[in-house]
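Residue numbers (the working numbering): 28 to 266.
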Ligand SMILES: [Zn+2]
Ligand SMILES: [Zn+2]
């Protein structure tokens, strides 16, 4: 954080006290998560397959991206609630924590910094209604953290009436192919980072990666705040 941003965060904290996005407890103005949640929430980046991004490897399936990062598991209710608030209010703690966590993992795994970073696009109609695209907010944080230029002139989403989550997994897989389109750009030889708030089946990110590869991208890296677990956790089995 620059000095000006630090001052801003401190001043804001006086008026709107900083809270942990997962449990709501008050935290210091320069923290993104409370120490209790940081200890108890599993870090997905330590557990997922780096290629397919899932906790149970599905690399054999048709996946168009080459590498995937995620900081949290979406199945934990405190995480899905935090993501919901991030979508609705644009509250940045979860995005800032994720950006920092992904940067640390990339560094420790010696992964080169991508050439450009792109948000999974939202339709213009939806973005107007919501006021922001949460994928774009995560892009802003990672771009600052790793110093990568942002490109919003490459991928676009068509305006559609109904929502992806009203469909079954198979329907989503087919339908996703009609949701996005790419502009004219030459991405020859480039490594592109593609960001979204959540990866569920991975169909959306895979389709966007396919479009980027048609433009010449050599490597597409997915980066999300949270990924849906495939394996059931012990607590889920207990229920
Ligand atoms: Zn907490
Ligand atoms: Zn895998």
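We treat Cβ as the ideally placed atom computed from N, Cα and C, and that holds for glycine.
If you're wondering where the values come from, they're calculated on a predicted model, not measured in any experiment.
Residue i - DSSP class collapsed to helix/strand/coil
i	result
residue 303	Beyond the ends of the chain as shown, which are 28 and 266, falls residue 303; an answer cannot be given.
residue 178	coil
residue 232	helix
residue 257	coil
residue 133	helix
residue 116	helix
residue 205	helix
residue 187	coil
residue 170	helix
residue 95	strand
residue 50	coil
residue 104	helix
residue 200	helix
residue 75	coil
residue 250	strand
residue 144	strand
residue 213	coil
residue 218	strand
residue 225	strand
residue 242	coil
residue 33	helix
Residue nearest to residue i in terms of C-alpha spacing, selected from the options
i	options	result
residue 250	56, 175, 165, 183	165
residue 90	224, 126, 248	248
residue 119	197, 47, 212	47
residue 116	68, 158, 85	158
residue 257	108, 67, 103, 94	103
residue 201	131, 254, 231	231
residue 204	237, 83, 85, 140	237
residue 108	211, 51, 66, 170	51
Cβ-Cβ distance between residue i and residue j below 9 Å
i	j	result
residue 221	residue 239	yes
residue 106	residue 99	yes
residue 147	residue 235	yes
residue 233	residue 92	yes
residue 185	residue 150	yes
residue 217	residue 172	no
residue 252	residue 75	no
residue 94	residue 121	no
Beta-carbon separation (whole angstroms), residue i vs residue j, contact threshold 8 Å
i	j	result
residue 123	residue 64	Not really, about 14 Å apart at Cβ, beyond 8 Å.
residue 226	residue 80	6 Å
residue 175	residue 129	At roughly 11 Å, the Cβ-Cβ gap does not stay under 8 Å, so residue 175 and residue 129 are not in contact.
residue 36	residue 57	6 Å
residue 60	residue 49	7 Å
residue 113	residue 161	6 Å
residue 141	residue 219	6 Å
Cβ neighbour criterion (16 or more within 10 Å) applied to residue i
i	result
residue 229	buried
residue 280	With the chain covering only 28 through 266, there is no way to say anything about residue 280.
residue 44	exposed
residue 32	exposed
residue 55	exposed
residue 152	exposed
residue 163	buried
residue 195	exposed
residue 180	exposed
residue 254	buried
residue 182	buried
residue 82	buried
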